[in-house]
Ligand SMILES: [Zn+2]
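In UniProt numbering, the protein residues as written are 1 to 334.
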């Protein structure tokens with residue numbers, strides 16, 4: 001974990017983070033309290049066992065990593081829980097890392113207990129948590145709604161409608177996330193993504209993480225995203241790297257997350273990835289994906305890249321500047 005010493009030694013100033021999920025970014029102690037406040041029956045009565053249940057400790061597979069969200073999503077499945085979660089993520093980001101611009105993503109349909117809770121209430125509560133954090137701290141926050149690879153086209157369409165409905169009230173973009181489902185087709189999102197874009201929403205898509213470069217190409221061709229979540233597998237295809245560079249599509253790289261999920265084998269592979277991105281002038285930002293579940297934070301990610309001699313301080317200033325420039329949060333307020 002980074003501490004204040006690191007913060008002073010490498011003063012990156014005000015930071016921007018573009019890629020965190022609600023399910024992996026709430027302090028475990030707060031998750032424990034939310035679970036108890038709501039009387040949720042957990043598989044353990046021991047806090048330290050609970051901590052293991054919702055943090056990576058040794059996880060090295062993508063599937064197992066996403067399985068951790070089963071508990072966090074259940075605990076966050078009420079208006080009260082989602083409001084507190086968003087508030088704690090935004091306020092913690094400012095206090096711990098001097099993050100003053102933060103995009104937070106989630107799938108509200110994974111937090112309404114299969115339709116038992118009203119989707120609009122879940123979304124409004126997330127917006128309320130965000131607004132309260134902006135009242136208390138000098139931070140700009142925006143929310144991204146995630147489609148899901150395992151959802152039907154109809155369910156993803158409902159999510160698109162909700163994103164559009166709240167486009168002027170705190171929802172700033174859409175994303176695609178979720179467990180890899182072989183029956184899912186990127187083409188099924190074309191209409192929804194284009195409707196969202198017309199409503200002024202930004203588009204970022206998780207691809208080139210657990211899926212290969214051929215899917216990244218398909219995403220670029222069919223959905224024309226502004227940004228790509230991860231995208232590290234793009235280095236498999238030089239022509240694709242050229243395309244990403246030419247189209248100025250920005251990658252949201254999450255180093256520790258990729259190492260924990262086994263998507264990237266280690267820092268040596270990251271060295272090659274970043275050197276290819278630079279060679280083809282692909283724009284990239286650095287993010288955590290979920291600081292609490294991954295036991296990291298943004299400054300720690302920066303320090304890992306510096307200490308492993310993968311990126312220089314100058315590279316990271318540039319990545320910070322790119323993040324500030326490409327955020328979906330409009331100037332002033334959302
Ligand atoms: Zn992610």
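Glycine residues also receive a C-beta, built at the ideal position from the N, C-alpha and C atoms.
At least one heavy atom of ligand 1 lies less than 8 Å from the C-beta of residue 257.
Residue environment analysis places residue 154 among the exposed positions, since fewer than 16 neighbouring C-beta atoms fall within 10 angstroms of its C-beta.
The residues 241, 242, 245, in chain order, have a CB closer than 6 Å to that of residue 280 in the same chain once the five nearest residues on each side in sequence are set aside. Restricting attention to beta strand (DSSP E) runs no shorter than 3 residues, the stretch 181–213 encloses them at 202–207, ordered along the chain.
In this structure, DSSP gives residue 47 a helical state, which the three-state scheme calls helix. Leaving aside the five residues that flank residue 223 on each side, the residues in its chain whose CB is nearer than 8 Å to its CB run, in chain order, 186, 189, 190, 193, 203, 205.
Distance from the CA atom of residue 31 to the CA atom of residue 85, rounded to whole angstroms, is 8 Å. Cβ-Cβ separation between residue 91 and residue 290: approximately 16 Å, too far for a contact (criterion under 8 Å). Within the model, the alpha-carbon separation for residue 247 versus residue 55 is close to 36 Å. Pairing residue 97 with residue 296, the inter-Cα distance amounts to about 11 Å.
Residue 150 and residue 182 have their C-alpha atoms spaced approximately 9 Å apart. Per DSSP, reduced to three states, the secondary structure at residue 99 is strand.
By the neighbour-count criterion, in which 16 or more other beta carbons inside 10 Å mark a residue as buried, residue 13 falls on the exposed side. According to the DSSP assignment, residue 251 belongs to the beta strand (DSSP E) that extends over 250–253. DSSP places residue 285 within a strand segment (E or B) once states are collapsed to three. Residue 37: member of the alpha helix (DSSP H) spanning 28–37, first to last residue. For residue 63, the enclosing alpha helix (DSSP H) stretches over residues 62–67. Between residue 111 and residue 77 the beta-carbon gap is near 4 Å, inside 8 Å, which marks them as a contact.
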